[in-house]
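Input: a single structure, listed below in structure tokens.
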Amino acid sequence: MTSLFDPGLFWRYRSVIVAGAATTLLLGACSVAASFVFGLAGWLLKASKLRACAWAGGAYVEALRNTPDLLYIYGLYFGLVTVGVTFSAFTSAVLALGIQGGAYIAEIIRGAFTAVSNEQRVAARALGLKPWKSLAYVELPQMLRVAFPALGNQVISTLLGTALASVIAVPELTYQSQIIGDSTYQYFSVFSVDAVIYLVLVQALTRLFHLIDHLWFGPWRGTV
Amino acid sequence: MTAEMLAVDAVVKRYGPRTVLNGISFRVAAGEVLVVIGPSGGGKSTLLRCINGLEDFSAGRIAVDGLPVHARSAGIWEVRKRVGMIFQHFNLFPHLTARQNIELAPRRALGLPAAECRARAEALLARVGLAEFGGQYPGQLSGGQQQRVAIARALAMQPKLMLFDEPTSALDPETVGEVLAVMKELALGGMTMIVVTHELNFAKEVGDRILFMDAGVVAEEGPPEMLLSRPQNPRTRQFIQAVL
Amino acid sequence: MERVLPYLGLLVRGALITLEISTLSLACSLLIGVLVGLVATSRASAARAAARVYVEFVRSVPLLVQIFFVYYGLPLMFRLNLSPYQAATIALSLYGGAYMVEAVRSGIQSVGKLQWEAARALSLGYWRTMAHIVAPQAIRVTLPAAIGIFISLLKGSSVASIIGFVELLQTAINIRNSIFSLSPLFVAGVLYFLMCYGLSRFGGRVEARFRYGAS
Chain G
447 MTSLFDPGLF WRYRSVIVAG AATTLLLGAC SVAASFVFGL AGWLLKASKL
497 RACAWAGGAY VEALRNTPDL LYIYGLYFGL VTVGVTFSAF TSAVLALGIQ
547 GGAYIAEIIR GAFTAVSNEQ RVAARALGLK PWKSLAYVEL PQMLRVAFPA
597 LGNQVISTLL GTALASVIAV PELTYQSQII GDSTYQYFSV FSVDAVIYLV
647 LVQALTRLFH LIDHLWFGPW RGTV
Chain E
76 MTAEMLAVDA VVKRYGPRTV LNGISFRVAA GEVLVVIGPS GGGKSTLLRC
126 INGLEDFSAG RIAVDGLPVH ARSAGIWEVR KRVGMIFQHF NLFPHLTARQ
176 NIELAPRRAL GLPAAECRAR AEALLARVGL AEFGGQYPGQ LSGGQQQRVA
226 IARALAMQPK LMLFDEPTSA LDPETVGEVL AVMKELALGG MTMIVVTHEL
276 NFAKEVGDRI LFMDAGVVAE EGPPEMLLSR PQNPRTRQFI QAVL
Chain S
8 MERVLPYLGL LVRGALITLE ISTLSLACSL LIGVLVGLVA TSRASAARAA
58 ARVYVEFVRS VPLLVQIFFV YYGLPLMFRL NLSPYQAATI ALSLYGGAYM
108 VEAVRSGIQS VGKLQWEAAR ALSLGYWRTM AHIVAPQAIR VTLPAAIGIF
158 ISLLKGSSVA SIIGFVELLQ TAINIRNSIF SLSPLFVAGV LYFLMCYGLS
208 RFGGRVEARF RYGAS
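Protein chains in written order, with my numbering: chain G, 447 to 670; chain E, 76 to 319; chain S, 8 to 222.
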């Protein structure tokens, strides 16, 4: 079965694989950051009292949740050229993953906001804390706790989405795997390794999020 | 000459078709402890929330320490700095320790330096008998302890008037006493208090005046000895007999 | 925008292809989900562990990588040839199947223990209980989740374009390459939106009916 799985492959191409994984992480981090920015903006828009803003926010969320990521990756990289806008492949990927993730994050924030009891706001107001201060010091921390698991899942989802950037030749892990596969024809080996690396990254992140959740939010729950 | 701390004049509040406050009027002098009793749905909670602008009202006037109360105005924040409120379900901030709960408003609403806020918090924790509990989260405290922290939190803003909305109704009987003790100490110290409660013993011991509220108005008012033992209004009599 | 008009028919055809492969994959996912779901709730711990490994793997690896693995990798292992359509369907079925396992598991677990005990008291065997008592109630949780998975498959099918399967997205890209306009991508987006949003509204109504129907 040496023709099927070649462990030596891993070693020979190690620098390419590591570089690919590093790019994946970098792309993932940038996309996650972008998705939080878009998500916050989307939530604020949708929650606005102005009807035009609320509609725009709602349209953003529904449009992005019901269309595929790949559409935006192509659209931003190839499509916008036709109207005179050029983005690099990396930027296109970050923006595409950012707006996609943002739509889900906007909804997560919305859910967390309604989950925070209104009486908390009332108490803050009674103490003389104006709305912005109440939001910053009382509501957001509680929203973060409620939203944390869902946000963690969304971060992982965005990280997995970075694989799509390979189609516009961003040199992340899956792209490098394709290159290696094309030159060695050891597709089974190379995509196995590819999959395992993602698996390890995701599992590590999941454990990390559980740990943070336990350490940061644990004491709040008290002894009950 | 005692100053007037609170003036409520013909206040009307409607929730859709229901009229919760029906032209209610009364005064509270500085240093006075007013106990408000009455059947549920009589508008007691709503009244308290109108006083510090948490709820708006449709007609009438409210003035706290001379300041007019309009829920939507910018001036309401000045009113709220003078009025402290204690809720039935404590409403402590679960993500902050007891000490941080107390420090938050002086620090962020008044802009006082951190050291002074901490000093105030420590003093108040000691005053309500929770000196060693500063580092605990609300989730780790009993109901009575949480309510005492809530009182300390309100006191941190150095209010002139304190509103208590059924402060012991959600507590186990064993812990009711510790909260009432703190409230009694506050009253003896000269704090102006309005207490909505079913604890008629507290009313007798600590109250200067009792207001019986029914159907959105003051049905009867008077000193505890009179109102509780010789109520004039049949509704009052009915209510007291049902509670005792 | 007008330059894309003659191509609308092609785009609609692409949408139908997307719909077709997604439906087929959904059916296979359902099969996989039910089989593995039953395994996942069984009493054999090895079987449960295997089911968990499958689900964790699919959820921790990008869909694209799974498609590449099936299209490029499996043929080497089994010495067969797979067309892009076949590989995509297999990969999407395995992908949807893992989420279906969760949906089926939640559905089965939503039926309280008391029901099982009542069934046992009536001397209904495991399979009879499953078929007549558990399944009809499990559907109330599983069906809305299945609709969500269907939507994911509709979006996921676009990834199959990368191995050469011509569905809606690839059709739009091809048209774009010949007329150099953003419009085909925009129209494709609208078509995806109509399919997915329509389904999610339908799913919402199904969920509401289950909630207000006989409990």
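Idealized CB from N, CA, C, for every residue including glycine.
- At a cut-off of 7 Å, the C-beta of S:M84 has a neighbouring C-beta in chain G.
- Counting C-beta atoms within 10 angstroms of its own C-beta, E:H170 has 16 or more neighbours from the protein chains shown and is therefore classed as buried.
- The bridge partners DSSP lists for E:R89 are E:T94.
- Secondary structure remark: continuous alpha helix (DSSP H) runs of at least 4 residues inside the region 119 to 146 of chain S, in chain order: 120 to 128 and 133 to 136.
- By the Cβ-count criterion, E:M266 is buried, with 16 or more other Cβ atoms from all chains shown falling within 10 Å of its own Cβ.
- In this structure, the straight-line span from the alpha carbon of S:I170 to that of S:V118 is close to 42 Å.
- The secondary-structure analysis by DSSP pairs E:V293 across a beta bridge with E:M288.
- For E:K156, the nearest beta carbon of chain G is closer than 7 Å to its own beta carbon.
- Assigned with DSSP and collapsed to three states, G:G664 falls in helix.
- In its chain, beyond the 5 residues on either side, no residue has a beta carbon closer than 6 Å to the beta carbon of G:A582.
- Collapsing the DSSP output to three states places E:R102 in a strand.
- Within the region 607 to 640 of chain G, the residues whose Cβ lies closer than 9 Å to some Cβ of chain S are G607, T608, A609, L610, S612, V613, L619, T620, S623, Q624, G627, Y631, Q632, Y633, F634, S635, V636, F637, S638 and D640, listed in chain order.
- Counted as a single uninterrupted DSSP element, the beta strand (DSSP E) harbouring E:A138 occupies residues A134 to V139.
- Under DSSP, E:F239 shares a beta bridge with E:I161 and E:V270.
- A check of alpha carbon separations from G:T469 across G:R653, G:A611, G:V648 and G:S635 identifies G:A611 as the nearest.
- Look at G:L597: its C-beta is not under 7 Å from any C-beta on chain E.
- G:L605 has a beta carbon lying at 7 Å or more from every beta carbon in chain E.
- Close to chain E, meaning a Cβ-Cβ distance shorter than 7 Å, are the following residues of the region 572 to 583 of chain G: A572, L573, G574, L575, K576, K579 and Y583.
- Nearest CB-CB separation between G:Y644 and chain S: below the 7 Å threshold.
- Here E:L109 is bridged, per DSSP, to E:I269 and E:R284.
- G:I626 and G:S635 have their C-alpha atoms spaced approximately 10 Å apart.
- Going by beta carbons, E:E295 and E:T272 fall outside the 7 Å limit.
- In terms of beta-carbon proximity, G:W666 lines the interface with chain E, with at least one pair separated by less than 7 Å.
- Burial check for E:V251: the Cβ neighbour count within 10 Å reaches 16 or more, so the residue is buried.
- The three-state reading of DSSP puts G:P514 in coil, since its state is none of H, G, I, E or B.
- Taking CB atoms only, G:Q546 has no neighbour in chain E less than 7 Å away.
- Classified as buried, G:M589 has 16 or more neighbouring CB atoms from the shown chains inside 10 Å of its CB.
- Inter-residue distance for E:S133 and E:G98 is about 10 Å (C-alpha atoms, whole angstroms).
- E:L319 counts as exposed, since fewer than 16 other C-beta atoms from the protein chains shown sit within 10 angstroms of its C-beta.
- Cβ proximity to chain S below 8 Å picks out nothing from the region 553 to 565 of chain G.
- None of the residues of the region 475 to 497 of chain G has a beta carbon lying less than 9 Å from any beta carbon of chain S.
- Interface flag for E:Y212 against chain G is set, since a Cβ pair is found closer than 7 Å.
- DSSP lists E:F101 and E:I137 as the beta-bridge partner residues of E:V83.
- The way I'd put it, the region 55 to 70 of chain S does touch the region 93 to 109 of chain S; three or more beta-carbon pairs between them come closer than 8 Å.
- Listed along the chain, the chain E residues whose CB falls inside 9 Å of the CB of G:Q588 are F168, P169 and H170.
- For a Cβ distance threshold of 9 Å, residue set P169 and H170 of chain E lies close to G:R591, ordered along the chain.
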